[in-house]
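Chemist: Residue numbers (my numbering): 5 to 233.
We put the beta carbon where it would ideally sit given N, CA and C, even for glycine.
Note that this is a predicted model, so its numbers are computed, not measured.
One structure is given below, represented as structure tokens, and several questions about it will come after.
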Amino acid sequence: KKISVVIVAAGSGSRFGDPLPKQYHHIGDKTLLRHSIEAFMQLCPAHHIQVVYNPLHQNHLDAAIGDLITGKNLRAAVAGGVTRQQSVLNGLRALKDVTPDYVLVHDAARPGIDPDVIYRVLDALQEHKGAIPGIAVHDTIKQCNDDKVILRTIARDTLMRAQTPQGFDFNTILMAHTKFEGLEMTDDASLLEQMGISVKCVQGSERNDKITRRHDLIRLGEHLSPENS
Ligand code: CTP
Ligand code: MG
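Laid out in structure tokens, this is it:
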């Protein structure tokens, strides 16, 4: 099966709160973006990796991955959009000439992706049109009104925190993204859910949690530092 990867790195990192977008910050000697790219390069060197970026960050991109050979494996980066959803769609469209069987869509803000998680997602794709890694929720979850008064407690045993890479049958996810262009869903599985197409949740990993705020980077940096790997 032909597998392609879309790595979305076109965000500005507003919650992270630094002029340098989080995907261009370092853990150890590599940027977050490069951690992700190298994880997929090692896994399936023959496959296509499509990075989506913001052309305003061209110098950061060049500094982060300029030395990696852009060719059959790592394709030239394409421009993203204002929303994550638009960025993913741009990445999927850029892969049309490849027409892979499967595509894995991954956040550059998750530098702790490991092969086990990727393989679990790919395995599940043999039976499902979509598969994503998830983590069980350990906190008690409250739904509140606008005044932060609790309305109800959600049974947490049914809840999973969604991670990436989210894997899909390529034509199915391209069709869903094309149909729902302009929405602002924060992940890709949501689009298949809207269409009633079942998506399987497989075991994710804590080190694959997303870097959203500053302290996430400090915490994950400790996890990923060479003496712990
Ligand atoms: N992303 C993207 N294009 C956008 C928005 C987000 O490619 N228009 C990417 C980000 O670069 C990130 C991933 O989608 O790798 C997950 O998004 P998020 O964590 O929300 O990153 P940002 O949008 O950059 O951060 P924030 O929401 O805090 O501004
Ligand atoms: Mg965002």
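In angstroms with no decimal places, state the Cα-to-Cα distance between Gly134 and Leu196.
Modeler: On the sequence shown, position 130 is the one that residue 134 refers to. On the sequence shown, position 192 is the one that residue 196 refers to. Their backbone Cα atoms lie some 8 Å apart in a straight line.
Chemist: Tell me whether the beta-carbon of Lys183 lies closer than 8 Å to the beta-carbon of His132.
Modeler: Residue 183 sits at position 179 when you count from the first residue of the sequence shown. Residue 132 sits at position 128 when you count from the first residue of the sequence shown. For Lys183 and His132, no; Cβs fall outside 8 Å.
Chemist: Whether or not the region 186 to 201 and the region 212 to 221 are in contact is what I'm after, with contact meaning three or more pairs of Cβ atoms, one per stretch, closer than 8 Å; do they touch?
Modeler: With a cut-off of 8 Å, the region 186 to 201 and the region 212 to 221 do not count as touching, because too few Cβ pairs lie within range.
Chemist: On the DSSP letters alone, give me the boundaries of the alpha helix (DSSP H) that Phe44 sits inside.
Modeler: By 1-based counting over the sequence shown, the position of residue 44 is 40. Start and end: 36 to 47.
Chemist: Going by DSSP, what residue range makes up the beta strand (DSSP E) through Ala128?
Modeler: Position 124 of the sequence shown, counting from 1, holds the residue named residue 128. Per DSSP, Ala128 belongs to no beta strand (DSSP E); it is in the alpha helix (DSSP H), 119 to 128.
Chemist: Would you list, in sequence order, the uninterrupted alpha helix (DSSP H) runs of no fewer than 4 residues that lie entirely inside the region 75 to 123?
Modeler: Counting whole runs of 4 or more residues, the region 75 to 123 contains the alpha helix (DSSP H) stretches 88 to 98.
Chemist: Taking all protein chains shown into account, decide if Val4 is buried (16 or more other Cβ within 10 angstroms of its Cβ) or exposed.
Modeler: Past the boundaries of the shown model lies residue 4; the chain is included only from 5 to 233, so the question cannot be answered.
Chemist: Does the ligand MG have a heavy atom nearer than 7 Å to the CB of Gly15?
Modeler: Working through the sequence shown from its first residue, we reach residue 15 at position 11. Yes; taking the cut-off as 7 Å, the Cβ of Gly15 has a heavy atom of the ligand MG nearer than that.
Chemist: Between which two residues does the beta strand (DSSP E) holding Ile7 run?
Modeler: Start at 1 with the first residue of the sequence shown, and residue 7 comes out as number 3. Note, Ile7: beta strand (DSSP E), 7 to 13.
Chemist: I need the boundaries of the alpha helix (DSSP H) containing Ile69, first residue and last residue.
Modeler: Residue mapping note: residue 69 aligns to position 65 of the sequence shown, counting from 1. 62 to 69 is the extent of the alpha helix (DSSP H) around Ile69.
Chemist: Taking the beta carbon of His142 as the centre, do at least 16 other beta carbons fall within 10 Å, making it buried, or is it exposed?
Modeler: As a first step, residue 142 must be located in the sequence shown, where it is residue number 138. Flag for His142 reads exposed.
Chemist: How many Å lie between Gln62 and Ser16 at the Cα?
Modeler: Taking the first residue of the sequence shown as 1, we reach residue 62 at position 58. Taking the first residue of the sequence shown as 1, we reach residue 16 at position 12. Going by the C-alpha atoms only, they are around 13 Å apart.
Chemist: Could you tell me whether the Cβ atoms of Gly138 and Arg160 are closer together than 8 Å?
Modeler: Locating residue 138 in the sequence shown gives position 134, where the first residue counts as 1. Locating residue 160 in the sequence shown gives position 156, where the first residue counts as 1. Against a cut-off of 8 Å, the Cβ pair of Arg160 and Gly138 comes out as no contact.
Chemist: Which residue from Val12, Val125, Lys146, Pro119 puts its Cα closest to that of Ala98?
Modeler: Along the sequence shown, read from residue 1 onward, the residue named residue 98 stands at position 94. Closest by alpha carbon: Val12.
Chemist: Looking at Asn212 and Gly116, is the spacing between their C-beta atoms short of 8 Å?
Modeler: Reading the sequence shown from its first residue, position 112 is the one you call residue 116. Reading the sequence shown from its first residue, position 208 is the one you call residue 212. Going by C-beta atoms, Gly116 is nearer than 8 Å to Asn212.
Chemist: Determine the contact status of Asp191 and Ile177, defining contact as a CB-CB distance below 8 Å.
Modeler: Walking along the sequence shown from the start, residue 191 turns up at place 187. Walking along the sequence shown from the start, residue 177 turns up at place 173. Against a cut-off of 8 Å, the Cβ pair of Ile177 and Asp191 comes out as no contact.
Chemist: Quick one: grab the DSSP three-state call for Ala196.
Modeler: Working through the sequence shown from its first residue, we reach residue 196 at position 192. Sequence inspection shows Leu at residue 196; the Ala mentioned does not correspond to that position. Of the three classes helix, strand and coil, the one that applies to Leu196 here is helix, per DSSP.
Chemist: Within its chain, find whatever has a CB closer than 8 Å to the CB of Asp120; leave out the 5 residues flanking it on each side and keep chain order.
Modeler: As a position in the sequence shown, residue 120 is number 116, starting the count at 1. Answer for Asp120: Ser209, listed in chain order.
Chemist: Could you give the distance in angstroms between the alpha-carbon of Lys5 and the alpha-carbon of Arg124?
Modeler: Walking along the sequence shown from the start, residue 5 turns up at place 1. Walking along the sequence shown from the start, residue 124 turns up at place 120. Between Lys5 and Arg124, the C-alpha separation is close to 15 Å.
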